[in-house]
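Asks:
Numbering (the UniProt record's numbering), first residue to last: 1 to 404.
1. Take residue 281 and list the residues in its own chain whose beta-carbon comes closer than 7 angstroms to its own, dropping the five residues that flank it on each side.
2. Using C-beta distances below 6 angstroms, list every residue in its chain close to residue 159, excluding the 5 sequence neighbours before and after it, in chain order.
3. Looking at the structure shown, is residue 33 part of a helix, part of a strand, or coil, going by DSSP?
4. Express the C-alpha separation of residue 13 and residue 251 in angstroms, rounding to a whole number.
5. Taking residue 306 as part of the beta strand (DSSP E), name the residues at either end of that continuous run.
6. Classify residue 349 as helix, strand or coil using the three-state DSSP reduction.
7. Among all the DSSP beta bridges, which residues are the ones paired with residue 291?
8. Using beta-carbon positions only, say whether residue 164 and residue 197 come within less than 8 angstroms of one another.
9. Just how far apart, CA to CA, sit residue 1 and residue 248?
10. Thinking C-beta only, is residue 362 closer than 8 angstroms to residue 7?
11. Could you give the DSSP three-state label for residue 185: helix, strand or coil?
12. List the whole-angstrom C-beta distance separating residue 345 from residue 287, where the pair is believed to meet the contact cut-off of C-beta under 8 angstroms.
13. I need the straight-line Cα distance from residue 300 to residue 47, nearest angstrom please.
14. In its own chain, which residues sit with a C-beta less than 6 angstroms from the C-beta of residue 121, not counting the 5 before and 5 after it?
15. Quick test of your reading: residue 50 and residue 321, contact by CB under 8 angstroms. State the CB separation rounded to the nearest angstrom.
16. Excluding five sequence neighbours on each side, which residues of the same chain lie with their C-beta closer than 6 angstroms to the C-beta of residue 211?
17. Write down the C-beta distance between residue 151 and residue 130 rounded to the nearest angstrom, noting that I regard them as a contact closer than 8 angstroms.
18. Please go through the region 189 to 242 and give each complete alpha helix (DSSP H) segment of 4 or more residues, from N-terminal end onward.
19. Using DSSP with H/G/I as helix, E/B as strand and the rest coil, what is residue 326?
20. State the beta-bridge partners of residue 39 as determined by DSSP.
21. CA-CA distance, residue 177 and residue 54?
22. Is the beta carbon of residue 259 closer than 8 angstroms to that of residue 379?
23. Could you check the C-alpha separation between residue 374 and residue 16 for me, to the nearest Å?
24. Hey, could you find the ends of the alpha helix (DSSP H) residue 53 is sitting in?
25. Between the region 38 to 46 and the region 350 to 359, are three or more C-beta pairs nearer than 8 angstroms?
26. In three-state terms, what does DSSP make of residue 374?
27. Name the residue from 186, 253, 63 whose alpha carbon lies nearest to the alpha carbon of residue 279.
28. Please state the DSSP three-state secondary structure of residue 46.
29. Using the C-alpha atoms, what's the distance from residue 109 back to residue 243?
Here is the structure:
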C-alpha cells in the first residue's frame, strides 16, 4: 500500500536509531532544505542536525521564533482551518509564543511542575504504577505492556493533575493518537482539533462554576479574572496531549530497548539506585520526539554555508543532535552507566519541556517497579516482529507483547 504522505526526513528511523540518510546529513551537511507537509503545514523547511547548532538555535528566540506570524505573508492557517480558528488556537499556546508573552503564560503553570511538587506526587504515581502491575499479574503470564501499563499510567496521572475525568480516557486517547499521526488528512485533523477544543471547553465551563483542587481549578481560582476561556482551553488541551503521549511512548519503547539490550538490562537490575541516570540515557538514545514545532527564522542567518532567509521554517532535529559524536563517545550505543551529558530530548531554552519533571518522575517510578515486579520480564515475540509507529510525531511501539 502506498502512503499519500511521506515521512519527513527528520522523523525517519531505522528501528531505534535515526535513519542512515538523516545520520548522513548530520555527518556531511549539517543543514538541508526539505519539503515539509505535515499537520496542515506545507512548504520548504531547513533541518538542523548537529548538537551544537540545535542547542544554540533552541536557546535564541531572537533568531528562531516559535510564532508562525514571523513568516509574514507566508503564514497561512493550517489546511482545513479558518484564520479566525487559527488565531484562537494561538491564545496562551506556549508552543507558538516567544518571550516575554511565553514567559508570562509559562509562569502561571510553573508552580504545578516544579521538582518539589513532583516529589510530593511520587507517592500517588507509585500507587498508580503498583495498581497497574497488579492488574498485569492478574492477566496471567503475558500481556501487551503498551495497552496495560505504558499508556494508562501517564493518562491517569495527567487526568488527576488536570481534573480530566479518567472515564473519558478512551475517547481522548483515540483522538490524540489521530492528532499526532502525520498521515491523517488535514480536514480530519482540523475536525479533531475542534473536537478536542469542545471537550476541554466543557471542562473549563464546569470549573468556572465549581473549581476543584486540580490544575484547571487552580487556574480558574487564581487567574480566572485575567485568563479567558480560550486561553484556559488551549493550556489544558496542550497539557493533556503532551502529558500522556510522550511518557507513554517512552515507557513502551524504553522497555523494548531494555529487553533488546540484555547487558544493559542486567546492569539496571543490579543497580536500581541508578534508575534516574538510566532514564536520562534512554531519553537521549530514543529521542521519541524527533523535533519540536517548526521555528521561524526571525532574521537572515548563514549556517554552514546555507542562507536561511527571514520567514523560513526551521526544524531542529533532537533525535539527530542526541546522537552527535561531538556530544559523546559511541553515541549510537545504549550505555546506561555513561557519564551524564546535556541531552536535548526535552528541548532547550525557554521552550524546554514544562512537564519534564513529571515525565522523569513517572519513568523512574515505572521502570524501577516494572523490573522489580517481574525479574523474568521478556518479549513474548521475536524482537523483529515488534511494530514501530513511524508516522506518529511521538515515536514508539504499537504494541509490546511481554511475558514474565
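Idealized CB from N, CA, C, for every residue including glycine. Treat the numbers as computed from the prediction; the structure is a model and nothing was measured.
Replies: In terms of the structure at hand:
1. 334, 335, 336, 338
2. Answer for residue 159: 166, listed in chain order.
3. strand
4. Spanning the two alpha carbons is a distance of roughly 18 angstroms.
5. 306 to 308
6. The answer is helix: DSSP assigns residue 349 an H, G or I state.
7. 317
8. no
9. Note that residue 1 scores 36 on pLDDT, short of 50, meaning its location in the model is unreliable; the coordinates nonetheless yield the value given after this. Each residue's Cα considered, the two are about 28 angstroms apart.
10. no
11. coil
12. 5 angstroms
13. 16 angstroms
14. none
15. 6 angstroms
16. 217, 220, 221
17. Going by Cβ atoms, the distance from residue 151 to residue 130 rounds to 17 angstroms, so no, they are not a contact pair.
18. 215 to 223
19. coil
20. In the DSSP output, where bridge partners are listed per residue, residue 39 has none listed.
21. Rounded to whole angstroms, residue 177 to residue 54 spans 27 angstroms at the Cα level.
22. yes
23. 24 angstroms
24. 51 to 59
25. Touching, no, given that fewer than three Cβ pairs across the two stretches are closer than 8 angstroms.
26. Coil.
27. When 186, 253, 63 are compared, the shortest CA-CA separation from residue 279 is found for 253.
28. strand
29. 13 angstroms
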